[in-house]
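**Q**
Protein chains in written order, with our numbering: chain A, 1411 to 2271; chain F, 419 to 529.
1. Report the residues of the region 445 to 471 of chain F with a CB closer than 9 Å to any CB of chain A, ordered along the chain.
2. With distances taken from CA atoms, which of 1647(A), 2206(A) and 1921(A) is nearest residue 2219(A)?
3. Could you pull out every residue in the same chain whose Cβ sits closer than 7 Å to the Cβ of residue 1926(A), ignoring the five residues on either side in sequence?
4. Given that a residue counts as buried once 16 or more other Cβ atoms are within 10 Å of its Cβ, and exposed if not, what is residue 1995(A)?
5. Answer yes if the region 1564 to 1579 of chain A comes into contact with the region 1692 to 1706 of chain A, meaning at least three C-beta pairs across the two stretches below 8 Å, and no otherwise.
6. On the premise that residue 1779(A) lies in contact with residue 1522(A), defined as a C-beta separation below 8 Å, what is that separation, rounded to the nearest angstrom?
7. Is the beta carbon of residue 2346(A) less than 9 Å from the beta carbon of residue 1632(A)?
8. Starting from residue 1717(A), trace the beta strand (DSSP E) in both directions and tell me its first and last residue.
9. Using a C-beta cutoff of 9 Å, does residue 491(F) count as contacting chain A?
10. Count the other C-beta atoms from every protein chain shown that fall within 10 angstroms of the C-beta of residue 2107(A), then say buried if there are 16 or more, exposed otherwise.
11. Answer yes or no: do residue 2070(A) and residue 2025(A) have a C-beta to C-beta separation smaller than 9 Å?
12. Verify whether the separation of the beta carbon atoms of residue 2038(A) and residue 2068(A) is less than 9 Å.
13. Name the two residues that bound the continuous alpha helix (DSSP H) containing residue 1471(A).
14. Just to check my reading of the structure: residue 1783(A) and residue 1519(A) have Cβ atoms closer than 8 Å, yes? What is that Cβ distance to the nearest angstrom?
15. Check whether chain F comes within 9 Å of residue 1442(A), counting only Cβ atoms and requiring the distance to be less than that.
16. Per DSSP, residue 1605(A) is paired with what?
17. Verify whether the separation of the beta carbon atoms of residue 2205(A) and residue 1912(A) is less than 9 Å.
18. Is the CB-CB distance between residue 1910(A) and residue 1788(A) below 9 Å?
19. So with CB distances below 7 Å, who are the chain F contacts of residue 1416(A)?
20. For a contact defined as C-beta to C-beta under 8 Å, what are the partners of residue 506(F) on chain A?
21. For residue 1717(A) and residue 1578(A), which I take to be in contact (beta-carbon distance under 8 Å), what is that distance rounded to the nearest angstrom?
22. Does the CB of residue 1896(A) have a neighbour CB from chain F at under 9 Å?
23. What residues are listed by DSSP as bridge partners for residue 1981(A)?
24. Which first and last residues belong to the beta strand (DSSP E) in which residue 2066(A) is found?
25. Give the residues of chain A in contact with residue 495(F), contact being defined as C-beta atoms less than 7 Å apart.
26. Apply the 10 Å Cβ neighbour rule to residue 1484(A) and answer buried if 16 or more other Cβ atoms are within range, or exposed otherwise.
27. For residue 1915(A) versus residue 2225(A), is the C-beta spacing smaller than 9 Å?
28. Which of the residues in the region 1445 to 1456 of chain A, read from start to end, lie with their CB under 9 Å from any CB of chain F?
29. Rounded to whole angstroms, how far is the Cβ of residue 2011(A) from the Cβ of residue 2092(A), which I believe are closer than 8 Å?
30. Alpha carbon to alpha carbon, how far is residue 1986(A) from residue 2078(A)?
31. Would the region 1877 to 1892 of chain A and the region 1819 to 1831 of chain A be scored as touching if the rule is three or more Cβ pairs under 8 Å?
32. Thinking C-alpha only, which one of 1982(A), 2052(A) and 2056(A) is nearest residue 2030(A)?
33. Quick check: residue 2165(A) and residue 1727(A), are their CB atoms within less than 9 Å of each other?
34. How would you list, in chain order, the residues of chain F whose beta-carbon sits under 7 Å from the beta-carbon of residue 1481(A)?
35. Can you give me the start and stop residues for the alpha helix (DSSP H) that residue 1506(A) sits inside?
36. Answer with buried or exposed for residue 1963(A), where buried requires no fewer than 16 other C-beta atoms within 10 angstroms of its C-beta.
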């Protein structure tokens, strides 16, 4: 249809008035016929004979009309359009069928599209910056590793070299995640000075920091705030530049505000960005501050870069590997390393090891939603089979009239395509909102993930819709147009679909059962510390005040508040449970390791009912001049046991401490694994958390008292159970998602079974009537229905069990406290499916028993 | 496929003939068929199966215009008129046709 413009316009104009055009053509032909008739009459024929002669002379007017129409629109397009219109009309005439099919399909498609949206946001989509596809995350990998697990960052020397000498890169920048911080002050991510320019993120106020301000050892304490923080916490005050905020208690001057909508390049949004070099000021004890930032030849900082135009990632890899080789120190660096550049996406920036953890989760979810989609397709396929057998007469007539089989199949497939595309629309809606909803229920922090559908999600959803259309539509369409069909054949196809549905449902139900039981096992874990009736107050010092100066005052204030409100069991701690800080420790003469540390007042142990295995608790001295430490049992084991550990000496950050007591292992440092941990007295140098046991009312009084006495402090209340629930939220999430999928699968399978069993009874009406007439009892008929149903279901269960065992083995790493072949989960899943099958046979069996032999044998049935 | 009338026309000549029939003025479809049969001494019988598709083609190409009017016997009929582009095309096709016929005659006349 590629024409020059005038032709195209003429064509379009006619196509626009297609119906009128065709009517006019018909009228023109009629006039021609009439003229011919007159001609014959004038030659002397009788009127009837003249008309007949005119018809004969004209020939096939329909063919003429068609070839005339063919000039304007190729016949092929017209027939496709015909198919579409016919499909829509037939769907409208059977709304119930259409709605059921579309609902089932959009459920399957929606889940799949939602999962893909999540994958897209994590793995595929770049950040919302200028030309995100030109950004790469750089890693050093050691050659000779079978898999690229040991990916690491670079030293500052290497970063400087790349920045100076790499031709394939326009800009090289470093970025770091903000450290976990519970005190509510400003959270800031350390980044290099060219972060904003390299990403292409404009600043709406002020400026970013210069490289002068980002010098190790002499960094300026400047910060760029995020737009969200400025808007929400500072009320978008106009005079924000040159004011001070505190990050971890250290003062920073605000020099700029980033553009709206930029939340950083990490999973969780940050409040602002500080120079990389200022990180030792804020987190002096962090591994990076004492390591890579303090010594420019020590690893590792995370590096990303913007590629030069028209450069490929392979070129970047090659050039940087060569540059890296120059920094090899003979005798020291024995491993040959190369540089890999990966797309700078969520996972790319989160670090190499996150990929390892995250990808299996995605595969799991992907597998689950695929199975649900297959189930939905099987259901729709059965529905289509039922419809096709109802339309058998129509289809046979069309075939007899000369339509080719391909044509009829094409028409049936167009119907399936309409169904699939219509189902794609609600699926897109689910895909837009479900991941966002899931994320907001899981965590209440701002996040930088973009769930808005981009072209990839749309393409995926509708591509999947088309693929599933082929999947569920082709077999029924081919089947319906087969010239002669033996009865047995027809049943076989449906049985296969049904067994497949049972198989898939069983697999999903087993997976759901495993996740649910694993979640319960985890919950039943003995935490080792009290969680019921424990309430925590977070007392936040205002963001622009120096915490260590406030500390002493705060201690006195809180002591006074506790005394006045009469609260008995009170302890103070720095961090929340499951979220400790890390410190380096070493046995004298031994290697250094990192262990989580709980900073808490001496009363912590009593308030949370932590039991001592040996020794005593340290004394409550903020400066801890005595250098006392309490260790837990796993750490004490390194000394040869709890009793031997008491009194021994331990180096913490190279400072000798004395172990005064050993506490029994608890899980306040981590949920699943038990590792060595340290307990140190709470030094009043940061915002404390006040832990109150057994007196919720007292805690409320405490809150009001503090708020009244010192309005500058922000006090909030939270139960310890909340932390436990949060920690479990991930396993709860898996259990909930798999439960939802399992439930959906069960529903789809039951509906499918109901449909097929009803169909069988209908097909066998004649058979059943004859049996009734010959004297069969109800029990006999029931047995007949039951056996045929049972066979299909049994096949499905059999294959399903095998599949479920395989899946359970795959899931082994995600499950806690269970064997893969967990009998209760398997048993429950099988039992539920069998029960559903029995329920599904009830209605058809009833209908079978109600068959009146007289009516049905007479042919009215 | 529209049945071919005898004798077979060279491709494109039907369009040429139809355009020629409109030089004197507007005609409707039956009128064109009548004119061609008359003028050719009843040798050329243009059937509907080729005439109407040809007219549609000419409409698409913009060589003719169509409008509804009343025919001699007071019935509604569609009348076709030559456009300026059609006139030019007619001249060009005529020239091409005559050259073709001349070439064929040369071949037939030689040994």
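By construction, the Cβ of each residue, glycine as well, lies at the ideal position given by its N, Cα and C atoms.
**A** Walking through what the data contain:
1. 446, 447, 448, 449, 451, 452, 465, 466, 467, 468, 469, 470 and 471
2. The sequence position of residue 2219(A) within the first chain is 809, counting from 1. Among 1647(A), 2206(A) and 1921(A), the Cα nearest to that of residue 2219(A) is on 1921(A).
3. Looking up residue 1926(A) in the first chain gives position 516. So the list reads 2145 and 2149, once near-sequence residues are dropped.
4. If you number the first chain from 1, residue 1995(A) lands on position 585. Flag for residue 1995(A) reads buried.
5. yes
6. To locate residue 1522(A), count along the first chain from 1; it is residue 112. To locate residue 1779(A), count along the first chain from 1; it is residue 369. Residue 1522(A) to residue 1779(A), Cβ: 5 Å. Contact.
7. Not covered by the structure: residue 2346(A). The range shown for chain A is 1411 to 2271.
8. Taking the first chain and counting its residues from 1, the one referred to as residue 1717(A) is at position 307. Taken as a continuous stretch (DSSP letters only), the beta strand (DSSP E) holding residue 1717(A) covers 1713 to 1717.
9. Within the second chain, numbered from 1, the residue matching residue 491(F) stands at position 73. Taking Cβ atoms only, chain A reaches closer than 9 Å to residue 491(F), which makes this a yes.
10. Against the first chain, residue 2107(A) aligns to sequence position 697. The residue in question, residue 2107(A), is exposed, as its Cβ has fewer than 16 Cβ neighbours within 10 Å.
11. The count along the first chain starts at 1 and reaches residue 2070(A) at position 660. The count along the first chain starts at 1 and reaches residue 2025(A) at position 615. Taking 9 Å as the Cβ cut-off, residue 2070(A) and residue 2025(A) qualify as a contacting pair.
12. Looking up residue 2038(A) in the first chain gives position 628. Looking up residue 2068(A) in the first chain gives position 658. In contact: residue 2038(A) and residue 2068(A) (Cβ atoms closer than 9 Å).
13. Position 61 of the first chain holds residue 1471(A). Segment 1471 to 1482, the alpha helix (DSSP H) holding residue 1471(A).
14. Taking the first residue of the first chain as position 1, residue 1783(A) is located at position 373. Taking the first residue of the first chain as position 1, residue 1519(A) is located at position 109. 7 Å between Cβ atoms; contact.
15. Looking up residue 1442(A) in the first chain gives position 32. With 9 Å as the cut-off, residue 1442(A) counts as an interface residue toward chain F.
16. Looking up residue 1605(A) in the first chain gives position 195. Beta-bridge pairing links residue 1605(A) to no other residue.
17. Taking the first chain and counting its residues from 1, the one referred to as residue 2205(A) is at position 795. Taking the first chain and counting its residues from 1, the one referred to as residue 1912(A) is at position 502. The answer is yes: Cβ separation under 9 Å.
18. By one-based count along the first chain, residue 1910(A) stands at place 500. By one-based count along the first chain, residue 1788(A) stands at place 378. Cβ atoms of residue 1910(A) and residue 1788(A): closer than 9 Å.
19. Sequence index remark: in the first chain, residue 1416(A) carries index 6 (1-based). Within chain F, the residues near residue 1416(A) are 480.
20. The residue labelled residue 506(F) in the question sits at position 88 within the second chain. Within chain A, no residue comes near residue 506(F); the closest Cβ sits about 14 Å away, beyond 8 Å.
21. Taking the first chain and counting its residues from 1, one reaches residue 1717(A) at position 307. Taking the first chain and counting its residues from 1, one reaches residue 1578(A) at position 168. That belief holds up - the Cβ atoms of residue 1717(A) and residue 1578(A) are roughly 6 Å apart, short of 8 Å.
22. On the first chain, position 486 is the one that residue 1896(A) refers to. At residue 1896(A) the pLDDT is 49, less than 50, meaning the model places this residue with poor confidence; the figure from the coordinates comes in the next sentence. Residue 1896(A) does not count as touching chain F.
23. For this step, residue 1981(A) is matched to residue 571 along the first chain. Beta-bridge pairing links residue 1981(A) to 2101(A).
24. The residue you call residue 2066(A) lines up with position 656 of the first chain. Where residue 2066(A) is concerned, the enclosing beta strand (DSSP E) stretches over 2065 to 2073.
25. Reading the second chain from its first residue, position 77 is the one you call residue 495(F). 1441, listed in chain order.
26. Along the first chain, read from residue 1 onward, the residue named residue 1484(A) stands at position 74. Exposed, by the Cβ-count rule.
27. As a position in the first chain, residue 1915(A) is number 505, starting the count at 1. As a position in the first chain, residue 2225(A) is number 815, starting the count at 1. No, Cβ-Cβ distance for residue 1915(A) and residue 2225(A) is not below 9 Å.
28. 1445, 1446, 1448 and 1449
29. Taking the first residue of the first chain as position 1, residue 2011(A) is located at position 601. Taking the first residue of the first chain as position 1, residue 2092(A) is located at position 682. Between residue 2092(A) and residue 2011(A) the Cβ distance is about 5 Å, and since that is below 8 Å, they are a contact.
30. Numbered from 1 along the first chain, position 576 holds the residue referred to as residue 1986(A). Numbered from 1 along the first chain, position 668 holds the residue referred to as residue 2078(A). Each residue's Cα considered, the two are about 9 Å apart.
31. yes
32. If you number the first chain from 1, residue 2030(A) lands on position 620. Minimum Cα distance to residue 2030(A) is reached at 1982(A).
33. Position 755 of the first chain holds residue 2165(A). Position 317 of the first chain holds residue 1727(A). The answer is no: Cβ separation not under 9 Å.
34. Locating residue 1481(A) in the first chain gives position 71, where the first residue counts as 1. Going along chain F in sequence order, the residues near residue 1481(A) (Cβ under 7 Å) are 471, 474, 475 and 478.
35. In the first chain, the residue the question calls residue 1506(A) occupies position 96. Looking at the DSSP string, the run of the alpha helix (DSSP H) that includes residue 1506(A) is 1505 to 1529.
36. The residue given as residue 1963(A) occupies position 553 in the first chain. Answer is exposed; the Cβ neighbour count stays below 16.
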